[in-house]
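Below you'll find the structure, written out as structure tokens, and then a few comments.
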């Protein structure tokens, strides 16, 4: 293992890492630059450039940490192009916690950026005002829903006015998912288990998912109650903080984490169930996030120990095998924060295999990122689309008519890929498929709030 050279003792004009959120040297110098991470990294695979690999990005972190280079725009650019998929962690024989390192690095560079005035204001509003406030977020997404339902979107698209929008805003509008009228609200409701109670669980509603995937969240509840889980949807919960942490806003991330720690530990439940892979990964790492908070470190570890991904929990119960026949040819895209951060790959496939009628075909690059990456598909649109192109070529080869996945960002990215490429394929959560199969065998499987 490499050791850290002594840092410069004087201010020589270089920007070096500093403060409690700086990358930890005990983690940074675990990397021995062996190169096992290279072919696991989607940006390296796309470019072949060393600086766009985990090994290359860590070399830049070391150079900054040692004061050999400064935190310049060109250096930050290489870190920005990282999708934070964490596939390198799976490939690394030295156990380098790259997720911790890139998260800490993004925090260090956050205040050194000089974004355009408009983009900076929009980003600040979204991360600090909208995501933490479900009421405001509901109003914004409600406006987007009306934009679609009352024909304004069709008029705008036909008029060509969207092409006049700055940057990639027109293309982003084109990839906007169809927003359902059904939303899912966290209002303290409790759903009774069907039959014998196997577990009492609290369900993370989150921020965006209940507003854009309300029907899918209700399907999650039906699947849980169908399999003996009493489900509590805690009112005081909120955004998990994953998106904030990806862009380096760790202060807001910790604030959101504390809110969820208090909300979920107040419930006497066996597990806290999460249906979004990115959210589950963030919550399982609250202990690390709040490790220096004397009031919350122990409580955060306690909550993290209770967090279960929905597929992880269902496979362990185990589920009652569904009997409804689904005539689908299904392939599965591993969501990065489920397979790489949580190391859960078998459970989703096990659940798919339990559904009668499904013909499962493995995706050749199932373990590679789809290019969504939280805000990555917005901030790094070109790279996101390059990676999506590679993914959709592999999907086409499977001749599947359904892509199953486990994260809202992945689902929307793959939906856009299918729409853009004219592919006759649906994108669904695994819980959607389970719910559909259960509904074909019985009409009494839905949970009912107490």
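In the numbering used here, the protein residues as written are 334 to 783. Just so you know, even glycine gets a beta-carbon here, dropped at the ideal spot from N, CA and C. Bear in mind that the values here come from a model prediction, so they are computed numbers and not experimental data.
- The continuous stretches of beta strand (DSSP E) do not include residue 711, which lies in the alpha helix (DSSP H) extending over residues 709-712.
- Contact check for residue 552 against residue 738 fails: the beta carbons are separated by 8 Å or more.
- Under the DSSP assignment, residue 635 falls in the alpha helix (DSSP H) whose first and last residues are 630-639.
- For residue 686, the CB contacts under 8 Å within the same chain, skipping 5 residues up- and downstream, are 693 in chain order.
- The three-state reading of DSSP puts residue 511 in coil, since its state is none of H, G, I, E or B.
- Taking the Cα positions, residue 561 is about 14 Å away from residue 655.
- Counting only runs of 4 or more residues that sit fully inside the stretch 534-560, the alpha helix (DSSP H) segments are 542-545, 547-559, in chain order.
- Judged by DSSP secondary structure, residue 664 falls within the beta strand (DSSP E) whose first and last residues are 662-665.
- Taken through DSSP and simplified to helix, strand or coil, residue 562 comes out as strand.
- Cβ-Cβ distances below 7 Å link residue 749 to 508 in the same chain, with the five nearest sequence neighbours on each side left out; the list follows chain order.
- For residue 675, there is no enclosing beta strand (DSSP E), as DSSP marks it with neither H nor E.
- The residue from 483, 609, 576, 541 with its alpha-carbon nearest to that of residue 416 is 576.
- Residues of the same chain with a CB within less than 6 Å of the CB of residue 389, apart from the 5 flanking positions on each side, are 383 in chain order.
- In terms of Cα proximity to residue 545, the closest of 520, 470, 483 is 470.
- Excluding residues up to 5 positions away in sequence, 714 lie with their Cβ nearer than 6 Å to the Cβ of residue 501 in the same chain.
- Below 8 Å, too few C-beta pairs join the stretch 632-642 and the stretch 650-667 to call them touching: fewer than three.
- For residue 702 against residue 351, the beta-carbon gap comes to about 31 Å, at or over 8 Å, which does not count as contact.
- In chain order, 703, 704, 746, 750 place their CB closer than 7 Å to the CB of residue 721, counting only its own chain and leaving out the 5 sequence neighbours on each side.
- Taking C-beta atoms under 8 Å as the contact rule, residue 366 and residue 393 fail to qualify, at a distance of about 12 Å.
- Nearest C-alpha to residue 585 among 609, 462, 409: 462.
- When the Cα atoms are used, residue 549 and residue 369 turn out to be separated by approximately 38 Å.
- Within 10 angstroms of the beta-carbon of residue 676 lie fewer than 16 other beta-carbons, which makes it exposed.
- By the criterion of a C-beta distance shorter than 6 Å, residue 503 is surrounded in its chain by 495, 496, once the five residues flanking it on both sides are discounted.
- Spatial neighbours of residue 671 in its own chain (CB-CB distance under 6 Å, excluding positions within 5 residues in sequence) are listed in chain order as 610, 677, 739.
- The beta carbons of residue 593 and residue 571 sit closer together than 8 Å.
- In the DSSP assignment, residue 736 falls outside any alpha helix (DSSP H) and lies within the beta strand (DSSP E) extending over 735-738.
- Using a Cβ-Cβ distance cut-off of 8 Å, the stretch 593-606 and the stretch 519-537 are in contact, since at least three pairs of beta carbons, one from each stretch, lie closer than that value.
- Within a 10 Å sphere around the beta-carbon of residue 492 sit fewer than 16 other beta-carbons, which makes this residue exposed.
- Just so you know, the alpha carbons of residue 487 and residue 539 end up roughly 30 Å apart.
- Closest in C-alpha terms to residue 734, from the list 756, 653, 442, comes 756.
- Secondary structure within the stretch 392-475: the alpha helix (DSSP H) runs of 4 or more consecutive residues, fully enclosed, are 406-413, 420-424, 431-443, 450-458 (chain order).
- In the DSSP annotation of this structure, residue 568 is not part of any alpha helix (DSSP H), being labelled neither H nor E.
- Secondary structure at residue 588: helix, using DSSP grouped into helix, strand and coil.
- Rounded to whole angstroms, residue 429 and residue 674 show a C-alpha spacing of 12 Å.
- Ranked by Cα distance from residue 399, the first of 608, 612, 357 is 357.
- Nearest in C-alpha terms to residue 374, of all of 489, 425, 774, 359, is 425.
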